[in-house]
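Colleague:
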Amino acid sequence: MKKIAINGTGIAGTTLAWWLREYGFQPTLFEKAPEFRAGGYLVDFWGPACEIMKKMGLFEQLKTKSYQIKNIHCFDENGRRSSKVNISSLITDNYDEFLSVKRGDIAETIYKACEGIDIRFGTSIEKIEEKDKTITAHLSNGTKENFDLVIGADGLHSHIRNIAFDKSEYQEYDLDKYVAALSLKSYDHYEKYTYALSVGEKRQVARVCLDQDETLIMFTLDADLVKQFPATLEQKKELLQKSFNNFGWETPDILNKLDDVEEIYFDKVSQIRMDTWHKGRVALVGDSAACPSILMGLGSIFAIVEAYVLAGELHKAKGDHNIAFDQWQHRLKDIIARKQKVGLTNLSVAASDEIVKKYLSTITVKISSTPVISKFIGAGIFKDPIEVPEYK
Numbered sequence: 023m024k025k026i027a028i029n030g031t032g033i034a035g036t037t038l039a040w041w042l043r044e045y046g047f048q049p050t051l052f053e054k055a056p057e058f059r060a061g062g063y064l065v066d067f068w069g070p071a072c073e074i075m076k077k078m079g080l081f082e083q084l085k086t087k088s089y090q091i092k093n094i095h096c097f098d099e100n101g102r103r104s105s106k107v108n109i110s111s112l113i114t115d116n117y118d119e120f121l122s123v124k125r126g127d128i129a130e131t132i133y134k135a136c137e138g139i140d141i142r143f144g145t146s147i148e149k150i151e152e153k154d155k156t157i158t159a160h161l162s163n164g165t166k167e168n169f170d171l172v173i174g175a176d177g178l179h180s181h182i183r184n185i186a187f188d189k190s191e192y193q194e195y196d197l198d199k200y201v202a203a204l205s206l207k208s209y210d211h212y213e214k215y216t217y218a219l220s221v222g223e224k225r226q227v228a229r230v231c232l233d234q235d236e237t238l239i240m241f242t243l244d245a246d247l248v249k250q251f252p253a254t255l256e257q258k259k260e261l262l263q264k265s266f267n268n269f270g271w272e273t274p275d276i277l278n279k280l281d282d283v284e285e286i287y288f289d290k291v292s293q294i295r296m297d298t299w300h301k302g303r304v305a306l307v308g309d310s311a312a313c314p315s316i317l318m319g320l321g322s323i324f325a326i327v328e329a330y331v332l333a334g335e336l337h338k339a340k341g342d343h344n345i346a347f348d349q350w351q352h353r354l355k356d357i358i359a360r361k362q363k364v365g366l367t368n369l370s371v372a373a374s375d376e377i378v379k380k381y382l383s384t385i386t387v388k389i390s391s392t393p394v395i396s397k398f399i400g401a402g403i404f405k406d407p408i409e410v411p412e413y414k
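Now the structure itself:
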């Protein structure tokens with residue numbers, strides 16, 4: 023039985039652990055945070071990810087946590103409505119299964135299904151030493167353990183990637199944008215099942231009303247508006263207040279509620295690309311190796327598919343990681359690279375203020391080619407199918 027260490031308890035890490043246990047391996051999950059953290063922004067979920075969740079027996083459970091976004095309302099920065107689109111039929115026509123779910127709810131559903139797996143919170147892999155037949159993980163608590171493999175599932179800023187790979191072996195493509203995501207309680211401008219977007223120069227504000235008690239907000243701003251990365255909650259609030267203080271629409275009401283916000287996700291928008299996802303006894307899965315960017319909206323799907331196929335190939339190769347890693351990458355690398363490339367082009371257009379403003383006025387007749395909407399209905403560009411192999 024192979025002992026496999028996984029750094030990170032997000033969607034990629036927990037999905038991988040679940041399937042490894044299913045195939046008789048012994049996974050151990052390490053997580054730097056002291057406890058599991060749910061919540062998070064809304065992501066779209068379809069196709070191969072739905073198929074894999076069904077194989078895990080978790081799809082119906084996840085479905086109960088989903089939201090059916092029916093309308094998209096677009097405004098300029100002064101609050102003037104540019105368009106109003108009902109996307110229900112467009113989604114139904116294009117997808118057999120399509121869910122909008124909070125990223126944290128996906129992670130939590132899979133995490134709870136990992137009961138019985140060795141999961142160590144407050145402990146992460148700090149350093150690794152690869153030997154002939156094992157790899158030693160030096161842990162943040164001062165101890166060390168031997169494993170057969172180490173998997174980095176620790177996201178965009180992956181520590182495992184940084185310690186196992188040379189900087190020349192991966193590229194981070196910066197989209198010159200930052201995003202801030204947060205949740206508001208009892209928001210006054212409640213519109214059920216509606217995604218609303220206000221677009222201005224160098225700035226965008228979006229909101230999704232989930233229910234009467236929760237509204238998700240996402241700010242997008244150009245990198246030149248961020249002089250210094252905000253490290254603390256107060257610094258994030260201060261930056262948003264300063265950057266959006268003269269922005270119209272509902273933004274003043276949103277900013278007035280920031281004092282009550284206890285957590286803000288803030289990060290730059292970028293992609294991670296690598297020629298090779300593995301090296302020796304180390305492999306990277308999910309955003310660690312192929313982050314599509316938060317605005318592209320495919321990270322959760324990539325994570326689940328990559329984790330499922332990696333576990334399946336290890337099972338098929340009877341634990342021979344050299345064979346499994348090569349086959350895993352052979353199956354997925356090219357198609358994910360294509361999706362990243364198309365998504366990068368699409369987002370560069372979607373993030374352009376002039377292009378967005380141009381399209382908003384004609385969105386009802388050009389819905390299939392509107393970049394800003396592609397995140398929600400795919401717009402055809404993300405429908406290049408990813409095959410889900412059968413390993414059992």
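So for the sequence shown, my numbering puts the first residue at 23; every next one is plus one. Virtual Cβ for every residue (Gly too), placed ideally from N, Cα, C.
1) Could you give the first and the last residue of the continuous alpha helix (DSSP H) run that contains V327?
2) Using alpha carbons as the reference points, say which of K25, I182 and F269 lies closest to V225.
3) If you drop the 5 nearest sequence neighbours on each side, which residues of the same chain put their C-beta closer than 8 Å to that of E191?
4) Which residue comes first and which comes last in the beta strand (DSSP E) that contains T254?
5) Nearest to R59 by alpha carbon, out of K279, F143, N163 and S180?
6) Give the secondary structure of P49 by DSSP, where H, G and I count as helix, E and B as strand, and everything else as coil.
7) Can you tell me which of A312, N93, K155 and Y89 puts its alpha carbon nearest to the alpha carbon of C359?
8) I need the DSSP call for M75, collapsed to helix, strand or coil.
9) Leaving aside the five residues before and after L306 along the sequence, list all residues of the same chain whose C-beta is less than 6 Å from its C-beta, in chain order.
10) With H, G and I counted as helix, E and B as strand and the rest as coil, what does DSSP make of T158?
11) Note down, one range per segment and in chain order, each alpha helix (DSSP H) of at least 4 residues found wholly within the stretch 148-231.
12) Quick check: the Cα distance between E82 and K76, rounded to an integer number of angstroms?
13) Check N344 in the structure and name its three-state DSSP category.
14) Take the Cβ of S383 as the centre, count every other Cβ of all protein chains shown within 10 Å, and call the residue buried at 16 or more, exposed below.
15) Any contact of the stretch 60-70 with the stretch 117-126, i.e. 3+ C-beta pairs under 8 Å?
16) Could you give the distance in angstroms between the alpha-carbon of T165 and the alpha-carbon of M318?
17) Less than 8 Å between the beta carbons of I141 and V172, yes or no?
18) Quick one: Cα of R43 to Cα of A329, how far?
19) List the endpoints of the continuous alpha helix (DSSP H) containing R125.
20) Alpha carbon to alpha carbon, how far is S162 from S310? Give it in angstroms, no decimals.
21) What distance in whole Å lies between the Cβ atoms of Y45 and Y215, which are believed to be in contact at a cut-off of 8 Å?
22) With a cut-off of 8 Å, do at least 3 Cβ pairs link the stretch 338-349 to the stretch 321-328?
23) Enumerated in chain order, which unbroken segments of the alpha helix (DSSP H) with a length of 4 residues or greater are wholly contained in the stretch 258-313?
24) Just to confirm my understanding: we take E53, look at its own chain, exclude 5 residues before and 5 after, and list those with CB closer than 6 Å. What are they?
25) Considering R102, what are the terminal residues of the beta strand (DSSP E) in which it resides?
26) Less than 8 Å between the CB atoms is what I'm expecting for I33 and I128, so what's the real figure, rounded?
Modeller: Well, looking at it:
1) G321 to K338 is the span of the alpha helix (DSSP H), which, as asked, contains V327.
2) The sequence as given places Arg at residue 225; Val does not occur at that position. For R225, the closest of K25, I182 and F269 by C-alpha to C-alpha distance is F269.
3) So the qualifying residues of the chain are M296, D297, T298 and K301.
4) Neither: T254 is in no beta strand (DSSP E) and is coded neither H nor E.
5) When each option's Cα is compared against that of R59, the closest is F143.
6) Note: P49 maps to strand in three-state DSSP.
7) The question names Cys, but residue 359 in the sequence shown is Ala. Taking each of A312, N93, K155 and Y89 in turn and checking the Cα distance to A359, the smallest one comes out for A312.
8) Three-state DSSP puts M75 in a helix.
9) Apart from sequence neighbours up to five positions away, the residues of its chain that approach L306 with a beta-carbon distance below 6 Å are G174, R183 and W299, ordered along the chain.
10) Assigned with DSSP and collapsed to three states, T158 falls in strand.
11) The qualifying runs are 181-186.
12) Cα to Cα, E82 sits roughly 8 Å from K76.
13) Here N344 carries a helix assignment [DSSP, helix/strand/coil].
14) Because S383 sits at a pLDDT of 37, beneath the cut-off of 50, its placement in the model cannot be relied upon, and the point is left open.
15) When C-beta atoms of the stretch 60-70 are compared with those of the stretch 117-126, three or more pairs fall below 8 Å, so the two segments count as touching.
16) Straight-line measurement puts the Cα of M318 at about 39 Å from the Cα of T165.
17) No, Cβ-Cβ distance for I141 and V172 is not below 8 Å.
18) Using only the alpha carbons, I get a separation of about 12 Å.
19) Annotation for R125: the continuous alpha helix (DSSP H) segment containing it runs R125 to A135.
20) Those two C-alpha atoms are separated by around 20 Å.
21) Y215 to Y45, Cβ: 39 Å. No contact.
22) Counting Cβ pairs under 8 Å, fewer than three are found: no touch.
23) Listed in chain order, they are 273-278 and 309-312.
24) The beta carbon of E53 sits closer than 6 Å to those of T31 and F143, all from its chain and outside the five residues before and after it, given in chain order.
25) Segment: none, R102 is in no beta strand (DSSP E) and carries neither H nor E.
26) I33 to I128, Cβ: 6 Å. Contact.
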